[in-house]
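These protein sequence lines map, in sequence, to chains A and B.
First residue of the first sequence: 0, per numbering that gives the first Met the number 0; consecutive thereafter.
First residue of the second sequence: 0, per numbering that gives the first Met the number 0; consecutive thereafter.
What follows is a short report on a single structure.
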Amino acid sequence: MGAQLRVYRQKIKAAQTTKKITRAMELISASRIQKAKARVAASTPFARSITQAVSAVATYTNVAHVLTTEPEKIERAAVVIFASDRGLAGAFSSQALREAESLTQLLLAQGKDVVYFLVGRKAAAYFNFRRRPSERVWTGSTDQPQFETAKEISDALLEAFLRDADDGGVDEIHVVYNRFVSMVTQVPEVVRLLPLEVVEGVEEPGENQVLPLYEFEPDVETVLDALLPVYIESRIFNAMLQSAAAEHASRQKAMQSASDNADKLIKDFTRLSNNARQTEITSQISEIVGGAEALSSAKN
Amino acid sequence: MAAALNVSVVAADQEVWAGEATMVVARTVEGEIGILAGHEPMLAILASGEVRVTLADGKKIVAEAADGFLSVANNVVTIVARKAGLV
């Protein structure tokens, strides 16, 4: 067998092996994405109810609370970045990290310090490689987020938020994550969690509607104290679930195009190897014919 | 006040129950509270315990809720709890 032919056969084999892997990953993501979408949908009623309750408090009372009032001077801001644990998901992680970088630029330009809370191994690797410090890192469950992790994250955030700025506490919390829009679109999003900016799902009172006067039990302060951590938790959890669904969608898309590319490579190399084989056969035939010709002319 | 209450019981990871009811009895940190249609808007912290929902046909649904809130507005009652489940 000619050397050229052997090289082509090797390349075809390599492309086939790669294709098997990418196809398998595509199928896994495709099956997980339905579940991830269902989890986003299942957590939505909770997030919606909490958001409505928070906006009720924010809209119908004017009580001053540490979580709702904006500090006069913001010295330090926390940025929570949701990336993925594993790669091969297209631009998923880099998309979130790029968004976080531009947010960082913005915050630095406003004279604020930035501290990072990272979720996902890819985000941690990105910061490690650049030798940049991060406050805390969570890894290991970005594709199937647990509520416990969300609780841990929001506890850490609230703890940092309630600490004084002099002791390294933060005055602002931003989250950066990929929002799942559809199977083909995942948009990186930046949301400021604290101080509160309730915009999502707030029902505007109608024109001739009287604003309801809320009664709080036991009292406004206690309700706020209890409500806001839960609100942060639910927002963090929702971001994690969105991010997980987006990760699966993004991976499925990336793996699909990888499989398609492998197909194309296999086809191209098959053509080339057929060509090489044919050339080899042709040259062999002409050698034989030439040899026979020489023999028969030598006899005469 | 013939209108029925629109009740939903929501846990962190799922909606536990939703539907129409005539009365909701829940336990807040200050004690048990019963809510009928036309109740004034309120927001209360739940103590862990049972939430009893009485349906229009007299049937009762009991849910266990811990660590949550009760919100009432415009005959919409929402029980939001980190952990909740039907009993």
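Every residue, glycine too, gets a C-beta built ideally from N, C-alpha and C.
Because the structure is a prediction, the values reported are computed rather than measured.
Any chain B beta carbon closer than 9 Å to residue i
i: A/E214; result: yes
i: A/T221; result: yes
i: A/A55; result: yes
i: A/A155; result: no
i: A/F45; result: yes
i: A/E206; result: At A/E206, the pLDDT of 48 sits below 50, so the modelled position is not reliable; the number obtained from the coordinates is stated separately. Cβ-Cβ to chain B under 9 Å: no for A/E206.
i: A/V229; result: yes
i: A/E232; result: yes
i: A/R31; result: no
i: A/R131; result: no
i: A/R250; result: no
i: A/R38; result: yes
For residue j and residue i, believed in contact at Cβ under 8 Å, the rounded distance
i: B/A36; j: B/N74; result: 5 Å
i: A/A46; j: A/S233; result: 5 Å
i: A/V79; j: A/H173; result: 7 Å
i: A/E134; j: A/Y115; result: 6 Å
i: A/L212; j: B/P40; result: 7 Å
i: A/S282; j: A/R8; result: At roughly 19 Å, the Cβ-Cβ gap does not stay under 8 Å, so A/S282 and A/R8 are not in contact.
i: A/R22; j: A/S258; result: 5 Å
i: B/A3; j: B/A25; result: The pair is not a contact, with the Cβ atoms about 17 Å apart (cut-off 8 Å).
i: A/K18; j: A/A261; result: 4 Å
Assigned secondary structure, residue i (DSSP; H/G/I helix, E/B strand, else coil)
i: A/A213; result: Note that residue 213 of chain A corresponds to Tyr in the displayed sequence, not to Ala. Note: A/Y213 maps to coil in three-state DSSP.
i: A/G200; result: Legend: pLDDT at A/G200 = 46, less than 50; position of this residue unreliable, value from coordinates given subsequently. Of the three classes helix, strand and coil, the one that applies to A/G200 here is coil, per DSSP.
i: A/A291; result: helix
i: B/K59; result: strand
i: B/A11; result: coil
i: A/I73; result: coil
i: B/N5; result: strand
i: A/V180; result: coil
i: B/T53; result: strand
i: B/K82; result: strand
is_contact[residue i, chain A] using C-beta, thresh 9 Å
i: B/A11; result: yes
i: B/A72; result: yes
i: B/I34; result: no
i: B/E49; result: no
Cross-chain neighbours of residue i in chain B, by beta carbon under 9 Å
i: A/L226; result: L42, I44, F68
i: A/P217; result: T27, V28, E29, A43, I44
i: A/S48; result: S7, V9, F68, S70, T77, I78, V79
i: A/F236; result: A11, D12
Close-in-space but distant-in-sequence residues of the same chain around residue i (CB under 6 Å, 5 per side omitted)
i: A/S249; result: A88, G89, F91, Q185
i: B/V86; result: V61, E63
i: A/G167; result: none
i: B/V8; result: V15, W16, A62, I78, A83
8 Å Cβ cut-off: residues of chain B touching residue i
i: A/A41; result: D12, Q13, E14
i: A/A52; result: L42, F68, S70, T77, V79
Cβ neighbours of residue i in the same chain (closer than 8 Å, five flanking residues each side left out)
i: A/L107; result: V113
i: B/R81; result: A10, A11, A65, D66, G67
Contact list for residue i against chain A, beta-carbon separation under 9 Å
i: B/E39; result: P211, L212, Y213, E214
Sequence-distant residues of the same chain with beta carbon closer than 7 Å to residue i, five excluded per side
i: A/V189; result: E98, L102, H173, V175
i: A/A243; result: A35, T141, D142, Q143, P144
i: A/N237; result: S42, A46
i: A/T138; result: D84, G119, R120, A123
i: A/I73; result: K111, D170, E171
i: A/Q94; result: N177, P187
Point to revise | Chain-ordered residues of the segment 138-172 of chain A with a beta carbon less than 8 Å from chain E | key: The question asks about chain E, but that chain is absent: this structure's protein chains are A and B.
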